[in-house]
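Asker: Numbering (the numbering used here), first residue to last: 10 to 264.
Before I ask anything, here is the structure I am working with.
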């Protein structure tokens, strides 16, 4: 069962995320996912859609995509940004298990390592099976992974953003690393300051699980995916190596 104290993304977290990674901000993923999906005619679904950083540029490219997120605050940002651009998409509150089963999806996408928010391998296996069930024949499950070596990396430094009269800060402290379970839990503290006075603060316990490449291939094959391709750093044809920053996984449901 998911820990309800983890990965909540409240109002301050959503605001910081939108300031730090505005709509269309790309790590190479926005362009890559747009190209992968450009030849797909059917509907696409993005769980963990967040503020719409990726979904909105895909809508602007004419891709039929809807999404869900467990955070109402993130969805509020996404809906407002869609409305500001005159775009429409079906957005709903939901977890990874909420992927719709009645749309015959052509693709399910999870950019930027958000699949790693699932820290229980048993739950991951259920989600993989549910994704496969939701896809039409030939449909694709596309998602990103950080390297396993991230487990040993130091925490990021404190950061701040200015938004009008407000200053927003985020500090991160590592709570624990479990190398056997391949998980980390960090404490993310968000603060809102105005005129030198603290207005509001939020604490989010941020948990991630990191995957080996062979491990994820075996898990997808166990879920019934017929073909799994690994792509390094959003460059088609580039093999994953020890220096790869982002591995994109494309798993195809058999025809």
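Where a beta carbon is used, it is the ideal one built from N, C-alpha and C, also for glycine.
Can you tell me the Cα-Cα spacing of residue 90 and residue 107, whole angstroms?
Answerer: In a straight line, the C-alpha of residue 90 is about 23 Å away from that of residue 107.
Asker: Does the Cβ of residue 166 lie closer than 7 Å to at least one heavy atom of the ligand FMN?
Answerer: No copy of the ligand FMN appears in this structure; indeed no ligand is present at all.
Asker: In whole angstroms, what is the alpha-carbon distance linking residue 73 and residue 96?
Answerer: Those two C-alpha atoms are separated by around 11 Å.
Asker: Closest to residue 37 by C-alpha separation, out of 48, 240 and 251, would be which residue?
Answerer: Cα-wise, what sits closest to residue 37 is 240.
Asker: So for residue 11, helix, strand or coil by DSSP?
Answerer: Low local confidence applies: a pLDDT of 42 at residue 11 is under 50, so the model's placement there is unreliable, and no value is given.
Asker: Considering only DSSP beta bridges, list what residue 234 is partnered with.
Answerer: For residue 234, which the question treats as bridged, DSSP gives no partner whatsoever.
Asker: What residue from 42, 222, 50 and 218 has the CA that sits closest to residue 62's CA?
Answerer: Closest by alpha carbon: 42.
Asker: Go through its chain and collect everything with a Cβ distance to residue 188's Cβ below 8 Å, but skip five positions before and after it.
Answerer: Once the five neighbours on either side are set aside, the close Cβ partners of residue 188 are 160.
Asker: Going by beta-carbon coordinates alone, are residue 125 and residue 155 separated by less than 8 Å?
Answerer: Cβ atoms of residue 125 and residue 155: closer than 8 Å.
Asker: Just mark residue 153 as buried or exposed, buried being the case when its beta carbon has 16 or more other beta carbons within 10 Å.
Answerer: It is buried - the Cβ of residue 153 has at least 16 other Cβ atoms within 10 Å.
Asker: Roughly how many angstroms separate the alpha carbons of residue 71 and residue 261, rounded to a whole number?
Answerer: Rounded to whole angstroms, residue 71 to residue 261 spans 22 Å at the Cα level.
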